[in-house]
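Down below is the structure, laid out as structure tokens.
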Amino acid sequence: MRGIISAAGYVPHHRLDRSEIVAFFGSGGGSGTRSVASYDEDTTTLAVEAGRLALRGAGRDAGSGASPRALWFATSTPTYLDKTNATIVHAALRLDHDAAAFDLGGGVRSGIGVLRTALTGGESSVLVTAADIRTGNPTSGDEATGGDAAAAVLVGDESAGPVVAELIGAASATREFLDTWRTPGEIETHHWEERFAQTRYEPLAADAWRDACKSAGVTDAEVTTLIVSGAHARVVKSVTRKLGGAVGGVAPDFAATVGHTGTADAALRLTAALEAAGPDEVIALVGLADGADVLLFRTTDAITSWQPSRPVTEQVGERPGNLAYATFLSWRGAVTPQPPNRPLPARMSASAAGRSVDWKYGFVGSKDRSSGAVHLPPARVSYDGGAVDDAEPIPMADTPGTIVTFTVDRLAYSPSPPVIFAVVDFEGGGRLPVELTDTAPDDVAIGSGVEMTFRRLNTADGIANYFWKARPVA
Amino acid sequence: MGSHGITDRVAIVGMSCTPFREHWEAGHDDLVIDAAQAVYASAGIAQRDVDAFWYGTAQSGMSGVSLAAPLKIRDRPVTRVENMCATGSEALRQAAYAVASGAYDTAMAIGVEKVKDAGYQGLNAFPIPNDGTKRTLTAAAMFSLVLPAYAEKYGVDEDELRRVVARIASKNHANGVHNPLAQFRREMSVDAICNMAAVAGRLSVFDCAGVADGAAAAIVVRAEDAHRYTDRPLYIKALSVVAGDGSGLLDPTYDYTTFRECKAAADDAYAQAGITDPRADLALAEVHDCFTPTELVLMEDLGFAERGTAWKEVQAGTFDLHGELPVNTDGGLKSFGHPVGASGLRMIYEAWLQLRHEVPPERAIDNDRTMALTHNLGGYPGEMVSFVGIYGTEPNA
Chain H
1 MRGIISAAGY VPHHRLDRSE IVAFFGSGGG SGTRSVASYD EDTTTLAVEA GRLALRGAGR
61 DAGSGASPRA LWFATSTPTY LDKTNATIVH AALRLDHDAA AFDLGGGVRS GIGVLRTALT
121 GGESSVLVTA ADIRTGNPTS GDEATGGDAA AAVLVGDESA GPVVAELIGA ASATREFLDT
181 WRTPGEIETH HWEERFAQTR YEPLAADAWR DACKSAGVTD AEVTTLIVSG AHARVVKSVT
241 RKLGGAVGGV APDFAATVGH TGTADAALRL TAALEAAGPD EVIALVGLAD GADVLLFRTT
301 DAITSWQPSR PVTEQVGERP GNLAYATFLS WRGAVTPQPP NRPLPARMSA SAAGRSVDWK
361 YGFVGSKDRS SGAVHLPPAR VSYDGGAVDD AEPIPMADTP GTIVTFTVDR LAYSPSPPVI
421 FAVVDFEGGG RLPVELTDTA PDDVAIGSGV EMTFRRLNTA DGIANYFWKA RPVA
Chain R
475 MGSHGITDRV AIVGMSCTPF REHWEAGHDD LVIDAAQAVY ASAGIAQRDV DAFWYGTAQS
535 GMSGVSLAAP LKIRDRPVTR VENMCATGSE ALRQAAYAVA SGAYDTAMAI GVEKVKDAGY
595 QGLNAFPIPN DGTKRTLTAA AMFSLVLPAY AEKYGVDEDE LRRVVARIAS KNHANGVHNP
655 LAQFRREMSV DAICNMAAVA GRLSVFDCAG VADGAAAAIV VRAEDAHRYT DRPLYIKALS
715 VVAGDGSGLL DPTYDYTTFR ECKAAADDAY AQAGITDPRA DLALAEVHDC FTPTELVLME
775 DLGFAERGTA WKEVQAGTFD LHGELPVNTD GGLKSFGHPV GASGLRMIYE AWLQLRHEVP
835 PERAIDNDRT MALTHNLGGY PGEMVSFVGI YGTEPNA
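Chains as they are written, first to last, in my numbering: chain H, 1 to 474; chain R, 475 to 871.
Dropping the structure here:
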């Protein structure tokens with residue numbers, strides 16, 4: 001049996017109320033909110049957060065558990081070209097040295113494509129990750145209806161863990177036509193007329209649906225839940241109506257709260273459906289992007305004992321729009337507020353970072369064997385007793401912390417001032433003075449709990465500098 | 475083993491200090507030339523009479539050549555010294571120890587910083603290539619962590635404590651008004667300081683040291699030779715430096731209400747000088763008020779106030795110009811400005827002037843004690859270097 005062992009989504013903390021757009025420009029926007037990746041997040045960090053949750057749902061945390069045999073990462077908005085982004089995700093998740101890490105992406109279709117390939121492919125276990133940051137021109141439809149998120153799906157056979165949803169059928173239909181396009185470096189996605197796209201997607205979806213149901217040996221009526229993922233609301237609506245006539249139910253979309261999240265959308269919504277499913281249900285996932293892809297799953301008894309970590313349904317729920325539109329525009333580079341008059345950060349050293357991969361990407365400290373003192377970053381000589389080279393690695397990414405004291409720095413360089421900075425003590429020992437994120441100066445208090453999150457601190461000479469920050473416990 | 479010091483074996487016989495300010499018209503070379511010429515005049519010597527040079531700069535020059543070239547020092551040892559904000563003090567320590575060893579008869583310590591050619595506000599550390607995980611917080615923010623920690627530990631209302639540290643800035647400004655070399659010669663009221671916008675925690679820019687260019691210098695000789703140069707030498711009673719191990723950043727027991735490096739340097743210096751009650755024994759102290767909370771904590775770490783009481787002593791005026799123990803009578807870093815490599819020597823310059831009764835009457839201390847203390851620190855709470863020096867007019871006092 002091959003299928004899904006665990007799955008998780010990650011929806012960033014921030015929400016933009018779409019009404020802010022029309023209030024600012026006099027046009028654009030709409031109702032509801034969209035999710036917004038913070039200034040210190042990119043698709044790589046989003047994938048890390050989703051990957052952490054998916055592995056935790058499979059019983060693996062930063063400290064223990066088997067590594068998937070491969071990591072695949074799909075995005076239409078990669079931080080790097082030429083350089084593989086998946087190796088950064090691999091390092092942050094502390095996957096095994098002999099686990100492959102590949103980027104797949106560019107097209108939005110790569111999101112469901114990577115999932116299908118993992119489900120039908122040969123690796124005993126693959127962590128499939130997909131993440132996107134959807135922007136568009138100010139006042140554009142894409143800006144309002146897009147959202148930022150990641151999803152991670154641990155795919156494998158039973159040797160890798162209990163399969164909670166077996167793949168029972170898969171089919172695709174492909175035909176070249178020009179629908180949406182974007183050239184590298186652009187934030188704007190261009191569209192041909194949607195009515196034309198509709199004439200193409202409807203038959204493609206019907207063909208793929210027919211073939212998938214046939215390969216699975218299921219009828220429409222046996223389908224418990226139908227998920228249709230696509231960027232065009234009009235197309236999604238018509239395809240859902242055409243395919244959904246006989247199915248048990250149609251999964252809700254996240255348009256009102258999160259938006260369409262590009263390559264992540266299909267897996268994010270599949271994850272939400274799995275979280276809600278009982279055993280022996282048939283879930284149909286239909287992706288509409290430059291063709292149609294249909295994946296059919298049947299949930300197993302194992303789903304009753306699967307404990308998703310931080311369910312998607314909790315993350316996508318209605319939250320107030322906490323982000324000023326001007327802040328959104330500055331985070332996306334549409335406007336550039338005056339930074340503090342301080343030097344820009346120097347680029348990280350590749351060789352220095354290469355020596356500290358476990359610390360920088362994995363948040364692994366050291367623990368002195370004789371005194372038990374935890375060192376963040378790891379140290380060869382202990383501050384407590386002076387033992388030399390007698391320490392063991394201690395993974396700290398999943399260890400909760402408490403704010404001992406904090407400050408707000410309005411002078412320091414930051415891509416989004418001010419810097420909120422706290423001294424954090426970790427459960428079981430260890431202290432780190434570290435930057436906070438996903439919070440506001442007035443929301444920080446001594447004694448409150450924090451957890452670690454993988455972020456992009458800054459970018460210099462085109463080099464994205466990643467490390468961990470602390471955020472309030474969700 | 476042990477730290478024995480060189481008490482009364484070396485004397486300072488000449489000192490100089492340039493004005494500290496934004497010297498748009500003077501470069502590094504001008505500053506060291508001016509400070510050097512003035513210190514030669516102060517000691518009544520010529521450059522050729524100096525046997526060895528210690529040149530302190532945090533990041534305005536490299537190697538002894540940066541001093542030797544502008545001064546045209548030929549065929550002499552010139553050593554560049556760097557120990558963050560304690561750089562100038564460290565230069566004096568090296569020069570004094572070299573003379574005490576007998577290696578040289580006459581040595582010069584000079585400290586300089588030319589910070590205002592960078593084009594940025596504040597001080598900016600030279601970036602050493604690293605893995606990108608280092609903190610990039612400003613020093614102001616790191617020191618701002620002291621206030622909530624101190625308030626919590628000693629049950630002081632944070633608003634009241636904010637006024638206490640503003641009073642420190644106000645006092646130092648009041649002292650600096652009467653100092654022609656100081657960068658900011660303007661009185662600042664507690665209310666005015668408290669009303670400034672916060673830039674780091676509750677600190678405003680007026681809780682921060684002035685950023686200035688400047689240079690200062692000293693000539694040291696063996697104590698027995700001192701009277702060949704001046705009737706009123708300053709004898710070096712103690713010199714102590716502690717470089718912290720950074721454990722305050724790692725150790726959950728550290729509470730941000732003390733700087734252990736400063737306490738350790740003070741203990742060592744007091745032992746060298748034979749001081750048991752610094753508050754009663756010292757005529758004045760020049761301490762490293764890089765930020766107002768720093769001076770608050772230092773009053774306790776240096777033994778001028780009991781733990782948890784410095785905030786009351788500050789309010790009571792204990793450290794005012796005419797208080798029980800005057801602190802930062804020249805205006806301190808706050809008002810005098812802080813050219814990193816020069817500040818340590820600038821503090822000693824004030825000790826030199828006060829103990830020799832050479833300051834204008836408006837800022838003269840009114841006790842008849844004979845010893846002064848200077849204190850420097852560099853770095854942050856939890857990870858710093860600290861220097862404490864003690865000087866006196868009476869040998870074997």
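By construction, the Cβ of each residue, glycine as well, lies at the ideal position given by its N, Cα and C atoms.
Remember, predicted model here, so these are calculated numbers, not experimental data.
{"Query": "Simplified DSSP state of M558 of chain R, which is helix, strand or coil", "Result": "coil"}
{"Query": "Local conformation of Y571 of chain R per DSSP, three classes", "Result": "helix"}
{"Query": "Neighbour flag for N598 of chain R against chain C, beta carbons, 8 Å", "Result": "Although the question refers to chain C, the structure presented lacks it and instead comprises the protein chains H and R."}
{"Query": "Backbone CA spacing between G121 of chain H and G113 of chain H [nearest angstrom]", "Result": "12 Å"}
{"Query": "CB contact check: N85 of chain H to chain R, cutoff 8 Å", "Result": "no"}
{"Query": "Span separating the alpha-carbon of T405 of chain H from that of Y361 of chain H", "Result": "25 Å"}
{"Query": "Sufficient close CB pairs (3 or more, under 8 Å) joining the segment 302 to 318 of chain H to the segment 182 to 195 of chain H", "Result": "no"}
{"Query": "Touch test, the segment 3 to 13 of chain H against the segment 386 to 396 of chain H, Cβ-Cβ under 8 Å, three pairs minimum", "Result": "no"}
{"Query": "The segment 407 to 424 of chain H: positions lying closer than 7 Å to chain R by Cβ", "Result": "T407, V408, D409, R410, L411, A412, Y413, V419, F421 and V423"}
{"Query": "Distance between beta carbons of L226 of chain H and V250 of chain H, contact taken as under 8 Å", "Result": "5 Å"}
{"Query": "Stretch-stretch touch, CB-based, cutoff 8 Å, three pairs: the segment 507 to 515 of chain R with the segment 563 to 572 of chain R", "Result": "no"}
{"Query": "Range of the contiguous beta strand (DSSP E) that encloses T139 of chain H", "Result": "Per DSSP, T139 of chain H belongs to no beta strand (DSSP E) and is neither H nor E."}
{"Query": "Environment of R175 of chain H [buried if 16+ CB atoms lie within 10 Å]", "Result": "exposed"}
{"Query": "Bounding residues of the beta strand (DSSP E) (the contiguous stretch that carries K469 of chain H)", "Result": "I463 to P472"}
{"Query": "CA-to-CA distance, D220 of chain H to P433 of chain H, given in whole angstroms", "Result": "56 Å"}
{"Query": "C-alpha distance - E123 of chain H paired with V239 of chain H, whole-angstrom precision", "Result": "33 Å"}
{"Query": "Interface residues of the segment 588 to 620 of chain R facing chain H [CB-CB below 7 Å]", "Result": "Y594, Q595, G596, N598, P601, P603, N604, D605, G606, T607, R609, T610, L611, T612, A614, A615, S618 and L619"}
{"Query": "Top-ranked residue by Cα proximity to N495 of chain R, from R:K737, R:G576 and R:G811", "Result": "Per the sequence shown, the amino acid found at residue 495 of chain R is Arg instead of Asn. Closest option to R495 of chain R, Cα to Cα, is R:G811."}
{"Query": "CB contact check: Y628 of chain R to chain H, cutoff 8 Å", "Result": "no"}
{"Query": "8 Å Cβ cutoff, L376 of chain H in contact with chain R", "Result": "yes"}
{"Query": "Distance CB(R455 of chain H)-CB(A464 of chain H) smaller than 8 Å", "Result": "no"}
{"Query": "Terminal residues of the alpha helix (DSSP H) in which Y744 of chain R lies", "Result": "R734 to A747"}
{"Query": "Cβ separation of L758 of chain R and I839 of chain R, assumed to be a contact under 8 Å, to the nearest whole Å", "Result": "5 Å"}
{"Query": "Simplified DSSP assignment, three categories, for D17 of chain H", "Result": "strand"}
{"Query": "V450 of chain H, DSSP secondary structure in three states", "Result": "strand"}
{"Query": "Cutoff 6 Å; reference A92 of chain H; Cβ partners in own chain excluding five residues on either side", "Result": "V48, Y361 and F454"}
{"Query": "Whole-angstrom distance between Q521 of chain R and S774 of chain R, CA atom to CA atom", "Result": "Here residue 774 of chain R turns out to be Glu, not Ser, going by the sequence shown. Distance between the alpha carbons of E774 of chain R and Q521 of chain R: 41 Å."}
{"Query": "Assumed close pair L621 of chain R, R636 of chain R - CB separation to whole angstroms, cut-off 8 Å", "Result": "7 Å"}
{"Query": "Own chain partners of A74 of chain H with C-beta closer than 6 Å, once the 5 adjacent residues on each side are dropped", "Result": "L104, G105, S110, G111, V114, A130 and T263"}
{"Query": "Runs of alpha helix (DSSP H) lying entirely within the segment 120 to 178 of chain H, each at least 4 residues, in chain order", "Result": "141 to 145"}
{"Query": "Given G51 of chain H as reference, the closest of H:G107, H:V335 and H:A149 once Cα atoms are compared", "Result": "H:A149"}
{"Query": "Cα-Cα separation between A352 of chain H and P393 of chain H, rounded to whole angstroms", "Result": "18 Å"}
{"Query": "Buried versus exposed, by CB contacts within 10 Å (16 or more), T336 of chain H", "Result": "exposed"}
{"Query": "Contact the segment 574 to 581 of chain R vs the segment 323 to 342 of chain H: 3+ CB pairs below 8 Å", "Result": "no"}
{"Query": "Any chain H beta carbon closer than 8 Å to Y624 of chain R", "Result": "no"}
{"Query": "Nearest candidate by alpha-carbon position, reference A481 of chain H, set H:E193, H:S366, H:D98 and H:L268", "Result": "Because chain H is modelled from 1 through 474, residue 481 of chain H falls outside the range shown and cannot be assessed."}
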